[in-house]
Each structure stands twice: as structure tokens, then as C-alpha cells.
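What follows is a single structure, written as C-alpha cells, with notes after it.
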Amino acid sequence: MLSQQLEQLSVIGRCEYTKTCTLLVQLFNSAASSYQEMISNMNTPKIDITIQESRLSWLVYIMGPLLGQGLIQ
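Counting the sequence shown from 1 gives a position; our numbering is that position plus 162.
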């Protein structure tokens, strides 16, 4: 079911692929930057790091089908 939903996102992404790709790259860069800050700060609670890792994972899951369709370059 998850793979079907991700494939549907790639279909939707094709409709406005430039905007979709721009948004996903911005979200990923922001999440990656936040993650780097969190792991460099020894006082960051483990749960916050875990949440940020989950955000990054979902963004990668979402980007995967778009990459497979050649929408993100």
C-alpha cells in the first residue's frame, strides 16, 4: 500500500514537477541542515534526533519515485 501511495505522489508530482521538485529539495535541505545541527549539539534530546531522522527518511521515500520517473535531476 505504501508503494502505491508513493507512486501516486510521483504521478501528482508530474503535474507541477518544477514546483514539486523545488519544494522537495528545499524541505530536504532544511531537514538535513537541522539534523546536522542537532547531532553536533550534545544537548539535543535523542527523541528530537529520531524525529528529524524520520523526517529525512520520509522525504527520501517521497523523492524515490520522482527520481525513478526522472523528475528530480
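By construction, the Cβ of each residue, glycine as well, lies at the ideal position given by its N, Cα and C atoms.
{"Item": "Proximal residues to Phe-190 (C-beta, below 6 angstroms), its chain only, five neighbours per side dropped", "Value": "Leu-221"}
{"Item": "Where Met-225 falls: helix, strand or coil (DSSP)", "Value": "helix"}
{"Item": "Where Ser-165 falls, given that 16 or more other Cβ within 10 Å makes a residue buried", "Value": "exposed"}
{"Item": "Local conformation of Glu-178 per DSSP, three classes", "Value": "coil"}
{"Item": "Where Thr-206 sits in the DSSP three-state scheme", "Value": "coil"}
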